[in-house]
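For the sequence shown, our numbering gives the first residue as 210, with consecutive numbering after it.
Single-structure report; data block below.
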Amino acid sequence: RGCAKPVKPIAECESEAELAAALQRDAAVTIARLIFQSQTGCYARERRSAIHALGDGYDCSQNPEILVAFVYALNDTDERVRAKAADEIGDQIGEHPDCAVPEIVAALKLALGDCDKRVRREARLALSDCGIEVVRVQDANLRTGTPYQVRSAYQSGKGHYVPIADDLIWPDYCRLQDI
């Protein structure tokens with residue numbers, strides 16, 4: 210008397226509505242498993258694979274929770290996972306521009322300060338999909354740049370990408386060399 214009715218397998222669905230509900234339930238469970246794997250996988254390849262599966266198998270306009278998983282992955286300890294997350298955000302925004310919400314744009318802007326050049330490249334490409342132009346700041350701008358530009362130029366040694374007309378100063382996530 211206190212037990213829930215067992216879920217009917219997809220193959221046993223009798224109506225279109227029943228089938229659609231079963232498929233939606235199955236997709237939700239799969240997304241939840243992939244998000245869990247993307248955050249708790251022991252190895253970077255498992256986390257990266259989960260991010261890839263979320264990005265290629267699901268749509269951010271129908272399942273916005275995948276964007277949260279991508280932003281979470283932008284802070285992963287492994288640069289390959291971070292680069293894949295930025296790449297998947299760019300792919301999703303390219304297909305569904307309505308997913309370019311301010312929180313996603315802010316996360317991509319923070320990723321421009323990443324230690325790894327692949328992460329910075331993917332973040333720059335994703336930002337361009339959002340309609341935000343990004344320019345390269347060279348070492349010659351050290352004396353006139355904002356604190357962010359100064360820190361990033363020291364950080365990379367060859368200059369860094371920063372959004373145009375953006376006065377946001379981001380924290381350093383990478384160790385600075387002795388200046």
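Ideal Cβ placement from N, Cα and C applies to all residues, glycine included.
Nothing here was measured: the structure is a model prediction, and the numbers come from that model.
Go ahead and label E297 buried or exposed: buried means 16 or more other beta carbons lie within 10 angstroms of its beta carbon, across all protein chains shown.
Its Cβ being crowded by 16 or more others within 10 Å, E297 is buried.
Which residues in the same chain as A259 place their Cβ atom closer than 7 angstroms to its Cβ, once the five residues preceding and following it in sequence are excluded?
Once the five neighbours on either side are set aside, the close Cβ partners of A259 are L243, Q246, S247 and G250.
Tell me where the alpha helix (DSSP H) around L263 begins and ends.
Note, L263: alpha helix (DSSP H), A253 to G266.
V314 to R234, Cα distance in whole Å?
When rounded, the distance between both Cα atoms is 30 angstroms.
Is the separation between the beta-carbon of R291 and that of D325 shorter than 8 angstroms?
Result yes, Cβ atoms of R291 and D325 sit closer than 8 angstroms.
Identify whether I310 lies in helix, strand or coil by the three-state DSSP scheme.
Note on identity: in this sequence residue 310 is Val, with Ile being the wrong assignment. Residue state, collapsed to three classes: coil.
Under the rule that 16 or more other beta-carbon atoms within 10 Å means buried, what is Q301, buried or exposed?
It counts as buried.
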